[in-house]
Amino acid sequence: MAKKIMVVDDDPQIVSYLVTLLGDNGYDTCSACDGDAAMDVLEREKPDCITLDLEMPHEWGPRFYRKFSQKEEFKNLPVVVISGLTGHDMAIRKAVAAIHKPFEPEAVLTAVKKACGD
């Protein structure tokens, strides 16, 4: 059974690109455009990994991470940070990887494989 990756980013072009990239590489996907919508998607879809942008409207990435990681069923859910912010690698200390935008597709795939234990 394919692993499910949740893409959380406020840029629809990045969401579309990542969903296509991951889908073309054998992953199931779901997505959300900000931290508010992401909680609903997370609880409904129960992904195996999240790619997470940090700077988004309504609720930004680190706050969303703190909320979901306090829930027992999601506390060990791996996260790959994908952000254009400087210092993004320190925003979520338990992140499996921190990738800077613009990113290389191979870097994302490598990080997601590592996060999913593939």
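Start counting the sequence shown at 1; every next residue gets the next number (full-length UniProt numbering). Glycine included, each C-beta is placed from N, C-alpha and C at the ideal position. Since the structure is predicted, the reported quantities are computational estimates derived from the model, not experimental observations.
Item: Taking C-alpha atoms, which residue in Ile14, Met56, Lys67 and Ala95 lies nearest to aspartate 40?; Value: Lys67
Item: Enumerate in chain order the residues of its own chain whose CB-to-CB distance from glycine 26 is below 7 Å, with the five nearest sequence positions on each side excluded.; Value: Ala2
Item: Going by DSSP in three states, leucine 85 sits in which element: helix, strand or coil?; Value: coil
Item: Which class does valine 96 belong to by DSSP, given the choice of helix, strand or coil?; Value: coil
Item: Can you tell me the Cα-Cα spacing of glutamine 70 and alanine 38, whole angstroms?; Value: 15 Å
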